[in-house]
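Mind the numbering: the sequence shown is residues 1 to 286 in UniProt numbering, read in order. Backbone N, C-alpha and C define an ideal beta-carbon position, used for all residues, glycine too. Below is one structure; the comments refer to it alone.
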Amino acid sequence: MPPALPAAVRWILPLGLTLCLCILGARAAPGWPAQWLSRPISGTAAAHHVVPWVAWHGRLMVLSWGLLLPLGILVARFFKVTPSQAWPAVLDRKTWWRAHLWMQGSGVALMSVGVLLVLGHGGGMPDTLARWHHLGGWALVACAALQVGGGLLRGSKGGPTSNCLRGDHYDMSARRVVFEWLHKVIGWSSLPLAIATIGIGLALADAPRWMPLLLGAWWLTLAALALALQRAGFCIDTYQAIWGPDPRHPGNRRRPIGWGITSFPSQPASSSGTHRPQAWPAEHKD
Numbered sequence: 001m002p003p004a005l006p007a008a009v010r011w012i013l014p015l016g017l018t019l020c021l022c023i024l025g026a027r028a029a030p031g032w033p034a035q036w037l038s039r040p041i042s043g044t045a046a047a048h049h050v051v052p053w054v055a056w057h058g059r060l061m062v063l064s065w066g067l068l069l070p071l072g073i074l075v076a077r078f079f080k081v082t083p084s085q086a087w088p089a090v091l092d093r094k095t096w097w098r099a100h101l102w103m104q105g106s107g108v109a110l111m112s113v114g115v116l117l118v119l120g121h122g123g124g125m126p127d128t129l130a131r132w133h134h135l136g137g138w139a140l141v142a143c144a145a146l147q148v149g150g151g152l153l154r155g156s157k158g159g160p161t162s163n164c165l166r167g168d169h170y171d172m173s174a175r176r177v178v179f180e181w182l183h184k185v186i187g188w189s190s191l192p193l194a195i196a197t198i199g200i201g202l203a204l205a206d207a208p209r210w211m212p213l214l215l216g217a218w219w220l221t222l223a224a225l226a227l228a229l230q231r232a233g234f235c236i237d238t239y240q241a242i243w244g245p246d247p248r249h250p251g252n253r254r255r256p257i258g259w260g261i262t263s264f265p266s267q268p269a270s271s272s273g274t275h276r277p278q279a280w281p282a283e284h285k286d
């Protein structure tokens, strides 16, 4: 059976969202907290003013790389098997996949619009910070393009529930192995780059203080949630989440791809007893 939802997860998200709401509430309430939160980061300007295309570029990029794409990554890593699912009797629930696809697709779409808004507005960028923001932004665009392209080229699924048993994922072909390594490495490495690029953007725009505080509280919430789920063993091997731990499936004869993956010892589907999880390191040999 999959691990039970730890108690920490039940309060991390509500506590983090409450903190975010408190920041927004303090900004809206009368008094000195609202005045301090509304002042620009530098503290030198009287108010925060940017042209509309800059404002909408920032909003779209924050919604994309600050909200939707990180959530989609967490869903794909930790919710392939849910506590209410009678795994391995019930296999291949696609809720996580649909959520991941929707969040990543929406995030890439918003990012694309945000990029279109700034095309032609570089102006040479004499400022060093602006150049770093420019480079980080285009690196994130490249990461997103590689993820979309890799997803389209990941190969066939196969397996007992498909029309054809043979498939790149079911057989864990070289094509699938390369895809999984690249998809995971690019996806996770893009998150710190996104945080840095958004942070530089806030500094360049001399954003109000409540914006970095709100984003910081949100990102800390996601980080704490990910840590709690990882420690609880919720990062279950995709292959076993779809087809179970039966040794007849070829993918169960190799270690899962990635770091900190929880897998279960191969057992025939007819065997009884509770599966005890084991976490494999990232490195493996065939």
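> Name the DSSP bridge partner or partners of residue 198?
Replying inline: Residue 198 pairs with nothing; no bridge assigned.
> Any chance the region 85-97 sits against the region 210-221, with 3 or more Cβ pairs inside 8 angstroms?
Replying inline: Segment contact: the region 85-97 against the region 210-221, fewer than three CB-CB distances shorter than 8 angstroms; contact not assigned.
> Along the chain, where does the beta strand (DSSP E) that runs through residue 64 open and close?
Replying inline: Taken as a continuous stretch (DSSP letters only), residue 64 belongs to no beta strand (DSSP E), as it is neither H nor E.
>> What residue range does the beta strand (DSSP E) around residue 263 cover?
In response: Element bounds for residue 263: 261-263.
> alpha helix (DSSP H) containing residue 103: first to last residue?
Replying inline: Per DSSP, residue 103 belongs to the alpha helix (DSSP H) from 95-118.
>> Need the endpoints of the alpha helix (DSSP H) that residue 51 sits in, please.
In response: Counted as a single uninterrupted DSSP element, the stretch harbouring residue 51 is not any alpha helix (DSSP H), since DSSP gives it neither H nor E.
> Can you tell which of 113, 240, 260 has its C-alpha closest to the C-alpha of residue 93?
Replying inline: Out of 113, 240, 260, 240 has the C-alpha closest to the C-alpha of residue 93.
> Smallest Cα separation from residue 44: which of 206, 55, 224?
Replying inline: With distances taken between Cα atoms, residue 44 lies closest to 206.
> Quick check: the region 105-125 against the region 165-177, are there 3 or more CB pairs under 8 angstroms?
Replying inline: Too few Cβ pairs lie closer than 8 angstroms, so no.
> Who are the Cβ neighbours of residue 11 in its own chain at under 8 angstroms, not counting the five residues just before and after it?
Replying inline: Same-chain partners within the cutoff: there are none.
> Taking contact to mean at least 3 C-beta pairs separated by less than 8 angstroms, is the region 187-207 in contact with the region 13-33?
Replying inline: As far as the Cβ criterion goes, the region 187-207 does not touch the region 13-33, which means the pair count is below three.
> Quick one: what does DSSP say residue 208 is sitting in, helix, strand or coil?
Replying inline: Here residue 208 carries a strand assignment [DSSP, helix/strand/coil].
> Where does the unbroken alpha helix (DSSP H) through residue 14 begin, and where does it stop?
Replying inline: Here the alpha helix (DSSP H) through residue 14 covers 7-28.
> Rounded to the nearest angstrom, how far is the Cβ of residue 228 from that of residue 4, given a contact under 8 angstroms?
Replying inline: With a Cβ gap of about 12 angstroms, residue 228 and residue 4 do not count as contacting.
> Across which residues does DSSP place residue 236 in a beta bridge pair?
Replying inline: Partner residues in the beta bridge of residue 236, as assigned by DSSP, are 262.
> How would you write the range of the alpha helix (DSSP H) that residue 35 sits in, first residue to last?
Replying inline: Where residue 35 is concerned, the enclosing alpha helix (DSSP H) starts and stops at 32-38.
> Can you name the start and end residues of the alpha helix (DSSP H) that residue 150 belongs to?
Replying inline: Counting along the chain, residue 150 sits inside the alpha helix (DSSP H) bounded by residues 128-152.
>> What does the alpha-carbon distance come out to for the pair residue 145 and residue 100?
In response: Computed Cα separation, rounded: 16 angstroms.
> Is DSSP giving residue 77 helix, strand or coil here?
Replying inline: Correct three-state label for residue 77: helix.
> What are the boundary residues of the alpha helix (DSSP H) that residue 92 is part of?
Replying inline: Note, residue 92: premise wrong, no alpha helix (DSSP H); not H, not E.
> What separation, rounded to the nearest whole angstrom, lies between the Cα atoms of residue 197 and residue 160?
Replying inline: Those two C-alpha atoms are separated by around 44 angstroms.
> How about residue 263 and residue 237: are their beta carbons less than 7 angstroms apart?
Replying inline: Result yes, Cβ atoms of residue 263 and residue 237 sit closer than 7 angstroms.
> Is the CB-CB distance between residue 91 and residue 244 below 7 angstroms?
Replying inline: Result yes, Cβ atoms of residue 91 and residue 244 sit closer than 7 angstroms.
>> Given this structure, state the Cα-to-Cα distance separating residue 69 from residue 225, to the nearest angstrom.
In response: Using only the alpha carbons, I get a separation of about 15 angstroms.
> Is it true that the CB of residue 103 sits closer than 7 angstroms to the CB of residue 71?
Replying inline: At the C-beta level, residue 71 and residue 103 come within 7 angstroms of one another.
> In terms of residues, what are the limits of the alpha helix (DSSP H) holding residue 169?
Replying inline: Annotation: the continuous alpha helix (DSSP H) that includes residue 169 extends over 168-171.
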